[in-house]
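>
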Amino acid sequence: MRSVTVELFKKMKKYGMIGDLVTNGTLFTKELIELLVKIGWDRIKFSIDGPDADVHDYLRQTKGAFKLATNNIKLFSQTKRKFKTDKPTLILQSVLSVENYKKLPKLAELGYELGVNEVTLLPLTIFDKSMENLKLNEKQVKEFMPILLKTIKLLEKFGIGGNYHEFLNEEYILKTESMNDVMMKEMEKMIKEEYPTFNNPIRNFEFLPCYAPWIHVTILPNGNIAPCFSPWVWNTKISIKEFSLKELWYGKYFNKFRRIILKRKLPENCKKCCVWEVFNNRKIRKGLQELLEGMHE
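Throughout, the numbering used here is defined as the position within the sequence shown, counted from one, plus 331.
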C-alpha cells in the first residue's frame with residue numbers, strides 16, 4: 332500500500348534482518364512475489380479465516396478477498412519451486428470464531444493444496460461489543476475439541492507445522508480477556524515447581540511473567556511507541572518523533588515497564604494480551620534456563 336514498503340523489504344534483508352510479514356494477501360503482484368522470494372524473505376503469515384469464500388469474505392467483509400489471497404499464496408508456492416528455495420515460510424493464520432471452528436479440518440486441507448508450511452490459530456479477543464457474538468462459548472469449545480484433534484492429525488499427515496496442539500488447553504480460547512491471569516498462573520506454577528532456594532537476581536529473571544519490555548518495540552504510524560502491542564501504545568503520549576529510540580529504550584519510559592514486571596506483576600493493560608505471548612514467554616524461559624545452565628557447567 333505504501334511505495335516505500337518494497338525498499339524497506341530490500342533494506343531489511345541487506346542488513347541481515349529477519350523479515351516477517353502479516354498480510355491479508357490481496358495486494359501482491361507477480362513482480363513483488365518474485366522479489367520477496369529472490370531476496371530470501373523469511374516468513375509471510377496470510378490471514379485466512381475460512382476454507383472458502385463464504386466464510387472468509389464474510390468475516391473480512393470484502394467480496395473476492397479469498398480468491399485474491401489464495402491465488403497469491405499459490406503463486407508464492409510456485410515461485411519458490413521455480414527458484415528452488417525454502418523461503419519464505421508460508422503460513423495460514425486464522426482467528427478462531429463461531430463462523431469457522433467447525434471448518435478447521437477443511438482449512439488444513441486448503442493449506443496442503445496451497446503448499447503452505449504452517450497453519451496456525453489465534454483465539455478471538457473481544458475488543459468491542461461488535462465482536463461478542465463471534466467468540467466461542469464454553470459449550471462450543473467442548474464441541475470444538477474433537478474437531479481440533481482431527482485437524483491436528485490432518486496437519487501431521489500433510490507434514491504441515493502449526494500451533495493447534497496448544498489450544499487443547501481450553502483457557503487459551505476462553506480467557507483471552509484475562510491473559511494477565513493466565514500468564515501469572517503459568518509463572519506461579521513454575522515457581523512452585525522449580526524456583527531456586529538461593530537469592531540470585533540473574534536466576535530470578537527466569538521466573539518473570541513476561542519479557543516484552545526487554546525484547547520488543549511497537550511503533551504505530553503516528554509515532555506512538557511502547558514495549559508491546561497493548562493499550563499502552565494506543566494511549567501513550569510518548570512518540571518516536573520526539574525522542575530517539577536509544578533514549579526511550581534505555582531511559583525512564585521503557586524502564587518503567589521493566590520495573591513493574593521485575594516485581595512479578597502485570598498491569599491491567601495486559602488483560603487482552605495476545606495468547607501467543609504466553610507461548611513466547613515459555614520459549615524465552617527455556618532458552619534462559621539452557622543459557623544459565625551452560626554458564627554454570
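Just so it is clear, CB atoms sit at the ideal spot from N, CA and C, and this is done for glycine as well. Given the structure is predicted, the values throughout are model-derived calculations rather than measurements.
1) In angstroms with no decimal places, state the Cα-to-Cα distance between Leu-339 and Lys-345.
2) Determine the closest residue to Pro-598 out of Gly-554, Ile-550, Phe-588, with distance taken between C-alpha atoms.
3) Consult DSSP for Lys-376 and reduce its assignment to one of helix, strand or coil.
4) Whose CA, out of Arg-616, Ile-550, Gly-492, Asn-431, lies closest to the CA of Phe-536?
5) Have a look at Ile-550, Arg-590, Ile-483 and flag the residue whose alpha-carbon is nearest the alpha-carbon of Ile-571.
6) According to the neighbour-count rule (16 or more other Cβ atoms, all chains shown, within 10 Å of its Cβ), is Met-514 buried or exposed?
7) Whole angstroms is fine: what's the gap from Ser-378's alpha carbon to Asn-531's?
8) Report the residue from Asp-373, Thr-360, Cys-605 whose alpha carbon sits nearest the alpha carbon of Pro-419.
9) Whose C-alpha, out of Lys-520, Thr-336, Asn-448, is nearest the C-alpha of Ile-375?
10) Compare the beta carbon distance of Met-510 and Val-606 with 8 Å and say whether it is the shorter of the two.
11) Identify which residue in Ala-543, Phe-397, Val-564, Ile-483 has its Cα closest to the Cα of Asn-553.
12) For Asn-431 versus Ala-396, is the C-beta distance shorter than 8 Å?
13) For Thr-451, which three-state DSSP category applies?
14) Bridge partners for Asp-351 per DSSP, in chain order?
15) How should Met-518 be labelled, buried or exposed, when 16 other C-beta atoms within 10 angstroms of its C-beta is the threshold for buried?
16) Are the Cβ atoms of Leu-486 and Val-429 separated by less than 8 Å?
17) Start and end of the beta strand (DSSP E) containing Ile-569?
18) Can you give the Cα-Cα distance for Glu-444 and Lys-484, rounded to whole angstroms?
19) What would DSSP say about Ser-428, mapped onto helix, strand or coil?
20) Glu-578 to Arg-595, Cα distance in whole Å?
21) Does the beta-carbon distance from Leu-435 to Ile-491 come in below 8 Å?
22) On the DSSP bridge list, what partners appear for Thr-507?
23) Let me make sure I understand the geometry here. Which of Asn-586, Glu-508, Thr-482, Glu-502 has the alpha-carbon closest to that of Lys-460?
24) Among the residues of its own chain, which have a CB less than 8 Å from the CB of Glu-463, if the five just before and after it don't count?
25) With a Cβ-Cβ cutoff of 8 Å, do Tyr-495 and Leu-452 count as a contact?
26) How would you call Lys-466, buried or exposed, if buried means at least 16 neighbouring beta carbons within 10 angstroms?
27) Going by DSSP in three states, Gly-304 sits in which element: helix, strand or coil?
28) When the distance is taken between beta carbons, is Arg-534 closer than 8 Å to Leu-480?
29) My assumption, with CB atoms under 8 Å, is that Thr-410 sits in contact with Ile-349. Please give the rounded CB distance.
For this structure:
1) 10 Å
2) Phe-588
3) Lys-376 falls in the strand class under three-state DSSP.
4) Closest option to Phe-536, Cα to Cα, is Arg-616.
5) Considering only Ile-550, Arg-590, Ile-483, the residue with the shortest C-alpha distance to Ile-571 is Ile-550.
6) buried
7) 43 Å
8) Asp-373
9) Asn-448
10) yes
11) Among Ala-543, Phe-397, Val-564, Ile-483, the Cα nearest to that of Asn-553 is on Val-564.
12) no
13) strand
14) Arg-374
15) buried
16) no
17) Run containing Ile-569: none; DSSP gives neither H nor E here.
18) 16 Å
19) coil
20) 25 Å
21) no
22) Bridge partners of Thr-507: none, in fact.
23) Glu-508
24) For Glu-463, where only same-chain residues beyond five positions count, the Cβ hits under 8 Å are Ile-457.
25) Cβ distance < 8 Å, so Tyr-495 and Leu-452 count as in contact.
26) buried
27) A query on residue 304 cannot be resolved here, the shown segment of the chain reaching from 332 to 628 and no further.
28) no
29) Not a contact, Cβ separation roughly 20 Å.
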